[in-house]
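Data first, discussion second: the structure below is written as structure tokens.
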Amino acid sequence: MPVPQLLTVDGPFTPSAVGRSLVSQLEAPMPRRSPGEIRTEQSRRRGARNRQVIPGLSTATNRQIAQFEAQHGLPPGHVAHAFQAWALALHSWPDHGPGHGRGTTLWRDAHARTLLQGAASAMNRKARRQLLGAVAPLDDRFLTRTLPDPFSPPADPWWKRRLAD
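The working numbering applies: residue 773 is where the sequence shown begins, and numbers increase by one.
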């Protein structure tokens, strides 16, 4: 007995025509979100704090910096702010001079470099190496633009025992 055909707007309906339309739908490219987009959305959903971090440091190092800030009552992102202040002081040297890093933090003597050193001393060896590695180019620039101060107290940190050119 022949297979009955139903009439549709597009023509006769057959089971093989239905199969072809399903196959063509499956072959169409499916839009896909990248894993990075998915992770970004997940972190927003978890209510992650918008905290500044020092670029180029690992997640573990940034986590230790956040722990240091929390233990010492500093606002989140304060160490990253000190890093940026130290970089800005050296980048805009003719305008602001070496004292520009002072008064930028809530840590001890309020000098940005002092806060970076305090954070580094509170970390484990690997994280300390990463943080001081990020600060080293800035320190080198500071050393090339300053001279030793023979009258400064020897107990002061090295960045305070320097004179501007």
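Glycine included, every Cβ here is placed at the ideal spot set by N, Cα and C.
For F923, does the count of other Cβ atoms within 10 angstroms reach 16, so buried, or fall short, so exposed?
Walking along the sequence shown from the start, residue 923 turns up at place 151. Exposed, by the Cβ-count rule.
Identify which residue in K932, E813, I826 and Q836 has its Cα closest to the Cα of A894.
Along the sequence shown, one-based indexing puts residue 894 at 122. The residue from K932, E813, I826 and Q836 with its alpha-carbon nearest to that of A894 is Q836.
On the DSSP bridge list, what partners appear for A857?
By 1-based counting over the sequence shown, the position of residue 857 is 85. Paired residues: none, contrary to the question.
Nearest to R767 by CA position, among P926, R933 and E841, is which residue?
Examination of residue 767 is not possible in this model, given that the chain is present from 773 through 937 alone.
Please classify P920: does DSSP put it in a helix, a strand, or coil?
Taking the sequence shown and counting its residues from 1, the one referred to as residue 920 is at position 148. Correct three-state label for P920: strand.
Using a Cβ-Cβ cut-off of 8 Å (strictly less than) and excluding sequence neighbours within five positions of P920, which residues of its own chain qualify?
Counting from 1 along the sequence shown, the entry for residue 920 is found at position 148. The residues are R933, R934 and L935.
What are the partner residues of L862, as DSSP defines its beta bridges?
Translated into the one-based positions of the sequence shown, residue 862 becomes position 90. Its beta-bridge partners do not exist; DSSP assigns none.
Work out the CA separation of L862 and A914 for me, nearest whole Å.
Along the sequence shown, read from residue 1 onward, the residue named residue 914 stands at position 142. Along the sequence shown, read from residue 1 onward, the residue named residue 862 stands at position 90. This sequence places Phe at residue 914; Ala is not what is there. If I take the Cα positions, the gap works out to 7 Å.
Here's the rule I'm using: 16 or more other beta-carbon atoms within 10 Å means buried, otherwise exposed. How should N896 be labelled?
Within the sequence shown, residue 896 is the residue found at index 124, counting from 1. Answer is exposed; the Cβ neighbour count stays below 16.
CA-CA distance, Q839 and P803?
In the sequence shown, counting from the first residue as 1, residue 839 sits at position 67. In the sequence shown, counting from the first residue as 1, residue 803 sits at position 31. Cα-Cα distance, rounded: 40 Å.
Can you give the Cα-Cα distance for P925 and A899, rounded to whole angstroms?
Position 153 of the sequence shown, counted from the first residue, corresponds to residue 925. Position 127 of the sequence shown, counted from the first residue, corresponds to residue 899. Using only the alpha carbons, I get a separation of about 30 Å.
Length of the line joining the Cα atoms of G808 and T831
Taking the sequence shown and counting its residues from 1, one reaches residue 808 at position 36. Taking the sequence shown and counting its residues from 1, one reaches residue 831 at position 59. Roughly 16 Å separates the two Cα atoms.
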